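Start counting at 1 in the first sequence, then tack on 114, and there's your number in the numbering used here. We put the CB at the ideal spot given by N, CA and C, even for glycine. No experiment lies behind these values; they were computed from the predicted model shown. Input: a single structure, listed below in structure tokens.
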Amino acid sequence: MRIGYPCINRTIGCRSDRTFRLKSYSEELLMETVQNNLDCLWKILEFNVRHNLLFFRITSDLVPFASHPICRFNWQAYFNSKFRRIGTFIKANSIRISMHPDQFTLINSIDNSIFERSLSELVYHAEVLDSMGLDSSAKIQIHVGGVYGDKKESMERFVKRVERIPQAVARRLVVENDDRNYTLRDCIDLSNETELPVLFDVFHHEVNNLGETLGEAFSMFYRTWKPRDGIPMVDYSSPRLEGRKGSHAESIDMKRLGRFLEETRNYDFDLMLEIKDKEKSALKAVESVRRDGRFQRIIIARQDSTPFKVI
DNA sequence: TCACGTCAAGCAGAT
DNA sequence: ATCTGCTTGACGTGA
115 MRIGYPCINR
125 TIGCRSDRTF
135 RLKSYSEELL
145 METVQNNLDC
155 LWKILEFNVR
165 HNLLFFRITS
175 DLVPFASHPI
185 CRFNWQAYFN
195 SKFRRIGTFI
205 KANSIRISMH
215 PDQFTLINSI
225 DNSIFERSLS
235 ELVYHAEVLD
245 SMGLDSSAKI
255 QIHVGGVYGD
265 KKESMERFVK
275 RVERIPQAVA
285 RRLVVENDDR
295 NYTLRDCIDL
305 SNETELPVLF
315 DVFHHEVNNL
325 GETLGEAFSM
335 FYRTWKPRDG
345 IPMVDYSSPR
355 LEGRKGSHAE
365 SIDMKRLGRF
375 LEETRNYDFD
385 LMLEIKDKEK
395 SALKAVESVR
405 RDGRFQRIII
415 ARQDSTPFKV
425 I
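Put into structure tokens, the structure is as follows:
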């Protein structure tokens with residue numbers, strides 16, 4: 115098991131998701147921004163390794179407007195050596211990487227042009243991971259998409275559209291259950307059709323399920339992952355106790371996490387903690403899990419030259 | 001320096 | 001009709 119957090123580090127004082135307005139687009143500004151973002155990503159990954167946080171979601175804003183028609187810049191070539199260096203660091207330290215395109219990426223849209231734009235966005239995400247030389251265990255997680263008034267038809271459209279996605283991109287795709295439209299069961303059904311692994315979101319499942327227990331849910335999604343996909347990924351967040359339902363808590367509830375880990379102790383998986391305070395909660399979780407002798411399977415970084423050890 | 005209107009993109013549910 | 005959340009506020013103009 116590796117533990118990680120998404121996109122942003124609030125401790126080290128740089129951002130890898132800096133962007134700018136489309137109106138102010140220029141090649142110079144793009145180059146400068148990507149330079150900054152890659153430098154910051156490097157610093158975040160170094161921080162993560164020092165703190166045994168070996169699962170990280172790379173922001174979709176790493177290369178702003180990369181999939182927009184305005185971008186004619188060959189950022190892959192220009193930043194090639196930087197991407198390779200980061201990728202080498204990731205592999206040397208056994209860091210697991212994911213990406214999560216935003217809500218505008220809709221494979222199953224009724225509107226074919228939205229699908230085409232979404233495909234460009236997915237190609238961009240895959241190119242980031244390709245540029246780093248990462249294998250197919252580096253995943254791009256997507257939701258099924260909209261319902262458009264007919265769920266069955268929208269799921270069939272999802273399957274047909276996935277068949278049109280190039281293998282270089284599709285090999286990285288994983289489909290995640292969401293909190294309103296598509297349950298874990300739906301994702302499993304789609305996985306059977308498309309062979310895409312299912313990324314299990316614990317919180318989404320709690321608010322949108324067909325009555326499966328946590329154990330049943332794990333046995334369902336777990337077998338959708340093949341060896342080439344790496345260890346299954348799980349998204350975990352604590353719901354905010356007061357206020358709007360569906361929003362995320364500011365900090366992690368360690369007791370709740372402890373119960374979750376206890377219930378799932380027979381499975382090995384990489385755990386993404388989607389908590390507002392990001393690396394702070396992830397650190398608490400790593401320390402807690404390390405102290406707890408029952409959990410023997412967390413991967414922690416070595417601080418010397420050898421890449422990692424399993425305790 | 002700071003306030004604040006606005007920002008590439010879509011959907012669904014609440015108000 | 002308009003607003004809000006989604007994984008997340010921050011860009012950048014105008015004063």
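If you keep only unbroken alpha helix (DSSP H) runs of at least 4 residues inside the region 176-251, you get 189-192, 194-206 and 226-245.
Sorting S268, I209 and E376 by C-alpha distance to the C-alpha of M246 places I209 at the top.
Between the alpha carbons of Q255 and K340 lies a distance of about 16 angstroms. Taking one beta carbon from each stretch, the region 115-129 and the region 148-162 have 3 or more pairs nearer than 8 angstroms; the two touch. The C-alpha of E141 is placed about 7 angstroms away from the C-alpha of F187. Three or more beta-carbon pairs drawn from the region 220-230 and the region 257-274 are found closer than 8 angstroms, and the two stretches are therefore classed as touching. Taking a C-beta distance under 7 angstroms as the contact criterion, D382 and I414 do not qualify as a contact pair. Taking C-beta separations shorter than 8 angstroms and ignoring five residues to either side along the sequence, the partners of H182 in its chain run L136, following chain order. Cβ neighbours of I302 within its own chain (closer than 8 angstroms, five residues either side excluded): V312, M334, F335 and T338.
Closest option to T378, judged by alpha-carbon separation, among D175, V316, L167 and L168: V316.
Within the same chain, and ignoring the five residues on either side of I200 in sequence, the residues whose Cβ sits closer than 8 angstroms to its Cβ are L152, L155, W156, L159 and M246.
In this model, A396 and R275 are separated by some 36 angstroms (Cα to Cα). Between V273 and T219, the gap from beta carbon to beta carbon reaches 7 angstroms or more. For M347, DSSP records a beta bridge to D384.
Rounded to the nearest angstrom, the gap between the Cα atoms of D293 and N322 is 5 angstroms.
Checking the DSSP bridge columns, you'll see R171 partnered with P120 and S212. Boundaries for V261: no alpha helix (DSSP H) harbours it, and the DSSP string shows neither H nor E there.
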